[in-house]
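Chains A and B, in that order, give the protein sequences. Going by numbering that gives the first Met the number 0, 76 is the number at position 77 of the first sequence; the sequence numbering is gapless. Going by numbering that gives the first Met the number 0, 45 is the number at position 46 of the second sequence; the sequence numbering is gapless. For each residue, glycine too, the CB sits at the ideal point set by N, CA and C. Below is one structure; the comments refer to it alone.
2 protein chains.
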Amino acid sequence: MSDVAANETRDLISSDKVEGTAVYDRNGNKLGTVTNVMLDKRSGHVAYAVLSFGGFLGMGSSYHPLPWDQLTYNRDQGGYVVDLTEEQLRGAPTYSAPEEARWGDPTYGRKIDAYYGSVEGRRSP
Amino acid sequence: MSDVAANETRDLISSDKVEGTAVYDRNGNKLGTVTNVMLDKRSGHVAYAVLSFGGFLGMGSSYHPLPWDQLTYNRDQGGYVVDLTEEQLRGAPTYSAPEEARWGDPTYGRKIDAYYGSVEGRRSP
Chain A
0 MSDVAANETR DLISSDKVEG TAVYDRNGNK LGTVTNVMLD KRSGHVAYAV
50 LSFGGFLGMG SSYHPLPWDQ LTYNRDQGGY VVDLTEEQLR GAPTYSAPEE
100 ARWGDPTYGR KIDAYYGSVE GRRSP
Chain B
0 MSDVAANETR DLISSDKVEG TAVYDRNGNK LGTVTNVMLD KRSGHVAYAV
50 LSFGGFLGMG SSYHPLPWDQ LTYNRDQGGY VVDLTEEQLR GAPTYSAPEE
100 ARWGDPTYGR KIDAYYGSVE GRRSP
């Protein structure tokens, strides 16, 4: 999408703008990019952003679902900042191909939330 | 995405699965497809689904932002159902190219909500 005004404003951002946006650590090192977000159907909340990490053109990448509330957009960097190190990401729940994500397992989300110290209530406004 | 289990479960759906999903009226007529969703940055809520409507390969399409709570997923149809007629959609706030969306105008979302009889509070769980 070419026009920033159309796919992002102060309050709103388009899903296709989030997809592909870079994710940085606190020191400005690029950790990866957001491939997609997982939406909670019942609450209408954004539950997770899936960070793809490493690899080249999708080969050898790993995917790390992050609780959405871990991401803070930084306008100057043009990407999201997370308060996580590459080491912390390496130890986090991950999968190496999209079809390996265990979203169907109800404990999977809880495992992710627990790793990042996020509680479900935190995602509600 | 090939694997349903990976991009949709009972509770979660991936943004890239929502994008491209068909939207039907109550009589099963296809109205269009979801091109993208607009996320509310502060609340983390899905605010709008943008329905593309008519046209061919994006030429001559029109885009209709719908309050997210208007869409109900129907498993049998494999798409979203809205309680709207094609006529109601034709009269709704619309734009003919992505860059024409007036998301930057704070009254734009309210105009959409008002048209569909949605109130902001309804989107909160």
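By the neighbour-count definition (other C-beta atoms within 10 Å, threshold 16), residue 69 of chain B is a buried residue. Rounded to whole angstroms, the gap between the alpha carbons of residue 12 of chain A and residue 40 of chain B is 7 Å. Rounded to whole angstroms, the separation of the alpha carbons of residue 26 of chain B and residue 113 of chain B is 24 Å. Cβ proximity to chain B below 9 Å picks out 43, 44, 45, 46, 47 and 49 from the segment 43-55 of chain A. When only Cα atoms are considered, residue 73 of chain B and residue 81 of chain B end up about 10 Å apart. Counted as a single uninterrupted DSSP element, the stretch harbouring residue 21 of chain B is not any alpha helix (DSSP H) but the beta strand (DSSP E) occupying residues 21-23. Counted as a single uninterrupted DSSP element, the stretch harbouring residue 60 of chain A is not any beta strand (DSSP E), since DSSP gives it neither H nor E.
The CB of residue 38 of chain A comes closer than 8 Å to the CB of 11, 12, 13, 14, 17, 36 and 45 in chain B, given here in chain order.
In this structure, residue 104 of chain B lies away from residue 35 of chain A, with their beta-carbon atoms at least 8 Å apart.
Neighbours of residue 41 of chain A in chain B, taken as residues at a C-beta separation under 7 Å, are given in chain order as 10. Non-local beta-carbon contacts of residue 60 of chain A in its own chain, meaning distances under 7 Å to residues more than five positions away in sequence, involve 51, 52, 53 and 54 in chain order.
Short of 8 Å from the beta carbon of residue 47 of chain A, and not among the five residues preceding or following it, lie these beta carbons of its own chain, in chain order: 36, 37, 64, 65, 66, 67, 108 and 111. For the pair residue 78 of chain B and residue 10 of chain B, the Cα-to-Cα distance works out to about 16 Å. Residue-level contact check: residue 75 of chain A does not touch chain B, since none of the beta carbons of chain B fall below 8 Å from its beta carbon.
Interface with chain A (8 Å Cβ-Cβ cutoff): residue 112 of chain B is excluded. For residue 82 of chain B, no CB of chain A lies under 8 Å from its own CB, so it is not counted at the interface with that chain. At least 8 Å separates the CB of residue 24 of chain B from every CB of chain A. Cβ contact annotation for residue 94 of chain B (same chain, cutoff 8 Å, sequence separation greater than five): 61, 62, 100 and 101, in chain order.
Counted as a single uninterrupted DSSP element, the stretch harbouring residue 11 of chain A is not any alpha helix (DSSP H) but the beta strand (DSSP E) occupying residues 11-13. Secondary structure note for residue 113 of chain A: its alpha helix (DSSP H) is the uninterrupted segment 105-114. Non-local beta-carbon contacts of residue 7 of chain B in its own chain, meaning distances under 7 Å to residues more than five positions away in sequence, involve 13 and 16 in chain order.
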